[in-house]
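Q: The following block contains the structure, expressed as structure tokens.
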Amino acid sequence: MPTFVGKNKKEIFGKIRDRVEAKLQGWKMGLFSQVGKEILIKAVVQALPCYVMSCFRISKGINHEIESMIARFWWGVNSKKHKIHWGSWEKMCKLKENGGMGFRALEDFNQALLAKQGWKIMTNHDCLLARVMKALYFPNNNFLEAKLGHFSSNIWRGILWGRELLLKGYHWVIGNGQSVRINEDPWIPRGAPFTLRTKKVEEIASWFHKEDIPWVLGITPSRERDDTIGWSLTPSGHYTVASGYKLRFRDPNIAECSVNSANRAWWKVVWGSRLTPKMKIFIWRVFHNWIPVKTELNKRGMSMDNTCNRCKSHVEDVCHALWNCPNLHKVWKHFGYLHLFPSSLRQAPNFLMVMKGKLSKEEFMFFIGITWLIWYRRNKCIFQNKDIEDKIWIPWAMEMMELHLATDQAHPYQKHSKDTVRWSPPLPGTFIINTDASLIDGQPGCG
Numbered sequence: 001m002p003t004f005v006g007k008n009k010k011e012i013f014g015k016i017r018d019r020v021e022a023k024l025q026g027w028k029m030g031l032f033s034q035v036g037k038e039i040l041i042k043a044v045v046q047a048l049p050c051y052v053m054s055c056f057r058i059s060k061g062i063n064h065e066i067e068s069m070i071a072r073f074w075w076g077v078n079s080k081k082h083k084i085h086w087g088s089w090e091k092m093c094k095l096k097e098n099g100g101m102g103f104r105a106l107e108d109f110n111q112a113l114l115a116k117q118g119w120k121i122m123t124n125h126d127c128l129l130a131r132v133m134k135a136l137y138f139p140n141n142n143f144l145e146a147k148l149g150h151f152s153s154n155i156w157r158g159i160l161w162g163r164e165l166l167l168k169g170y171h172w173v174i175g176n177g178q179s180v181r182i183n184e185d186p187w188i189p190r191g192a193p194f195t196l197r198t199k200k201v202e203e204i205a206s207w208f209h210k211e212d213i214p215w216v217l218g219i220t221p222s223r224e225r226d227d228t229i230g231w232s233l234t235p236s237g238h239y240t241v242a243s244g245y246k247l248r249f250r251d252p253n254i255a256e257c258s259v260n261s262a263n264r265a266w267w268k269v270v271w272g273s274r275l276t277p278k279m280k281i282f283i284w285r286v287f288h289n290w291i292p293v294k295t296e297l298n299k300r301g302m303s304m305d306n307t308c309n310r311c312k313s314h315v316e317d318v319c320h321a322l323w324n325c326p327n328l329h330k331v332w333k334h335f336g337y338l339h340l341f342p343s344s345l346r347q348a349p350n351f352l353m354v355m356k357g358k359l360s361k362e363e364f365m366f367f368i369g370i371t372w373l374i375w376y377r378r379n380k381c382i383f384q385n386k387d388i389e390d391k392i393w394i395p396w397a398m399e400m401m402e403l404h405l406a407t408d409q410a411h412p413y414q415k416h417s418k419d420t421v422r423w424s425p426p427l428p429g430t431f432i433i434n435t436d437a438s439l440i441d442g443q444p445g446c447g
């Protein structure tokens with residue numbers, strides 16, 4: 001934590017960047033899968049600057065450098081080896097249910113942390129922080145009306161920046177009504193906006209907008225209770241850093257169209273399923289067309305022949321490599337999925353959404369698992385020149401799915417099933433005695 005912050009913020013806060021860089025360089029990227037990298041990034045790397053961020057506003061340049069280092073680590077880039085960054089950092093910072101990876105956008109998280117300090121000043125007037133700040137910066141008014149001033153500290157500047165976030169979600173909880181301005185303050189207990197829609201002051205029917213009247217009539221004032229400030233995004237009414245950070249996803253410029261109900265339902269099924277973490281990361285990349293098939297590599301500047309290495313007759317895109325290649329028809333037919341494939345779709349997201357609609361949850365999980373194993377088989381064929389015959393690969397794939405999904409249930413499309421022997425009671429008028437014995441070869445006696 002810096003004790004003094006001058007004009008050269010890059011030098012002061014650069015120590016945070018150096019700590020992150022040292023931590024990332026201490027890990028050998030080749031030893032971690034992307035699942036392991038996700039855990040390290042969220043639990044270790046993005047936690048390093050939190051303490052400083054809760055007191056100061058970190059410069060955009062430092063945040064950008066830290067995010068760039070994290071992105072290079074995620075995609076496997078180092079000083080000796082360059083790899084493709086398949087997706088932008090903004091896309092990976094979306095919530096998982098919106099198609100992202102759930103990484104933190106450091107600038108927005110910094111603001112959410114500083115808003116916590118502002119919330120303490122707003123709601124706990126007797127704490128030391130509130131008393132010091134009020135004496136220095138707003139002795140004659142309240143925190144919501146406080147100005148920056150001419151000689152404000154970096155801490156105060158950061159808290160006022162966090163206040164911008166609070167203004168989007170706070171509202172007054174009416175008690176005796178003495179602290180609330182009827183036209184200026186947010187107090188109507190509905191979703192945002194909490195302020196009045198009109199300023200007429202004649203009769204009650206004309207005082208308020210017709211949509212506001214039921215909300216106003218539903219308020220029960222109390223002369224024995226003071227007005228308090230609440231936070232609209234949590235059930236308890238108290239501000240949390242997580243709820244403040246999630247406000248960024250309510251911005252239509254950030255949320256885009258990925259928050260529609262169909263996509264959210266899709267991602268909830270994937271991330272909440274029994275699939276292994278590797279399978280989940282893989283299908284996340286497939287959905288975004290972020291796997292190195294030939295058409296995608298060509299789009300990113302790598303000149304090569306687009307023809308599939310296995311069938312030698314079709315262009316290799318994501319759908320072809322995983323589902324539509326003629327060499328895979330026998331595999332998909334064996335598992336009973338081939339006749340369900342949409343023949344007209346050539347985009348992976350649309351293909352997956354259609355298959356999810358046609359299959360039960362368990363069948364769809366099995367379908368994703370086989371897709372992951374087919375990608376593994378394709379890579380071994382290309383890079384190790386090992387092409388296993390279908391009659392050998394299919395039983396192996398079945399064993400792998402039973403192992404990874406940890407299920408004893410037979411696949412719904414599996415043709416052969418074993419008959420189970422069950423105990424049944426004897427016929428009426430008869431008796432049955434069940435016994436068991438153990439004989440050890442070469443030793444006398446039994447048990």
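The sequence shown begins at 1 in full-length UniProt numbering and counts up by one.
Where a beta carbon is used, it is the ideal one built from N, C-alpha and C, also for glycine.
Predicted model, so just to flag it, every value in this text is computed and none were measured.
So E65 and R19 are supposed to be a Cβ contact under 8 Å. How far apart are they, rounded?
A: With a Cβ gap of about 12 Å, E65 and R19 do not count as contacting.
Q: For H171, report the span of its beta strand (DSSP E) as first-last.
A: Per DSSP, H171 belongs to the beta strand (DSSP E) from 170-173.
Q: Rounded to a whole number of angstroms, what is the C-alpha to C-alpha distance between I291 and W375?
A: 10 Å
Q: In angstroms with no decimal places, state the Cα-to-Cα distance between N379 and A47.
A: 35 Å
Q: Looking at the structure shown, is V315 part of a helix, part of a strand, or coil, going by DSSP?
A: strand
Q: Using only the alpha-carbon positions, how far apart do G30 and H339 sit?
A: When rounded, the separation of the alpha-carbon atoms in G30 and H339 is 40 Å.
Q: Does the stretch 87-97 come into contact with the stretch 258-272, if we say contact requires no fewer than three beta-carbon pairs (one atom in each stretch) closer than 8 Å?
A: Contact between the stretch 87-97 and the stretch 258-272 is present, because at least three Cβ pairs lie under 8 Å.
Q: In angstroms, rounded to a whole number, what distance separates the CA positions of D126 and L113?
A: 21 Å
Q: For F32, which residues in the same chain have their Cβ closer than 8 Å to its Cβ, ignoring the five residues on either side in sequence?
A: L40.
Q: Closest to A348 by C-alpha separation, out of L328, R248, Y337, L322, would be which residue?
A: Taking only the C-alpha atoms, the option nearest A348 is L322.
Q: List the endpoints of the continuous beta strand (DSSP E) containing T228.
A: 228-231
Q: Buried or exposed: P49, going by 16 or more other Cβ atoms within 10 Å of its Cβ?
A: buried
Q: Just checking my contact of N176 with D226 at CB under 8 Å: how many whole Å lie between their CB atoms?
A: 6 Å
Q: For the ligand ZN, is there a heavy atom less than 7 Å away from the beta-carbon of S59?
A: In terms of ligand content, the structure shown is empty, and the ligand ZN therefore cannot be addressed.
Q: CB R346 to CB C325, shorter than 8 Å?
A: no
Q: So, with DSSP's three-state summary, where would you put T234?
A: coil
Q: In this structure, how does DSSP classify T123 when only helix, strand and coil are distinguished?
A: helix
Q: Could you give the first and the last residue of the continuous alpha helix (DSSP H) run that contains E21?
A: Where E21 is concerned, the enclosing alpha helix (DSSP H) stretches over 9-25.
Q: Within 10 Å of its beta-carbon, does I283 have 16 or more other beta-carbons around it, so buried, or fewer, so exposed?
A: buried
Q: Anyone know if the C-beta pair for M279 and W396 falls short of 8 Å?
A: no
Q: With a threshold of 7 Å on Cβ separation, who are the neighbours of D317 within its own chain once the five nearest residues in sequence on each side are excluded?
A: V293, T295, R346
Q: Which residues bound the alpha helix (DSSP H) around S68?
A: Counted as a single uninterrupted DSSP element, the alpha helix (DSSP H) harbouring S68 occupies residues 60-75.
Q: Check the C-beta distance from L405 over to M355 and give it rounded, since I have them as a contact under 8 Å.
A: Not confirmed; about 17 Å, so no contact.
Q: On the criterion of 16 or more Cβ atoms from any shown chain inside 10 Å, does E70 qualify as buried, or is it exposed?
A: Reading the sequence as shown, one finds Ile at residue 70 and not Glu. Burial call: buried.
Q: Let me check one thing: in DSSP terms, what residues is T307 bridge-paired to?
A: V315
Q: Around the C-beta of N110, are 16 or more other C-beta atoms found within 10 angstroms, so that it is buried, or is it exposed?
A: buried
Q: Rounded to the nearest angstrom, what separates L160 and H288 at their Cα positions?
A: 38 Å
Q: If the criterion is Cβ atoms closer than 8 Å, does the pair K129 and G169 meet it?
A: A small fix is needed here, since residue 129 is Leu in this sequence, not Lys. For L129 and G169, no; Cβs fall outside 8 Å.
Q: Compute the Euclidean distance between the alpha carbons of V45 and W74, then round it to the nearest angstrom.
A: 12 Å
Q: Relative to the alpha-carbon of H171, which residue among H238, L24, D390 has its alpha-carbon at the smallest distance?
A: H238
Q: Determine the DSSP secondary structure at P349, reduced to helix, strand or coil.
A: helix
Q: Given K418, which residues of its chain have a CB within under 6 Å of its CB, disregarding the five upstream and five downstream residues?
A: At K418, the pLDDT of 49 sits below 50, so the modelled position is not reliable; the number obtained from the coordinates is stated separately. Cβ within range, chain order: n/a, list empty.
Q: Within the same chain, show all residues whose beta-carbon is closer than 8 Å to that of I433, passing over the 5 residues directly before and after it, in chain order.
A: none
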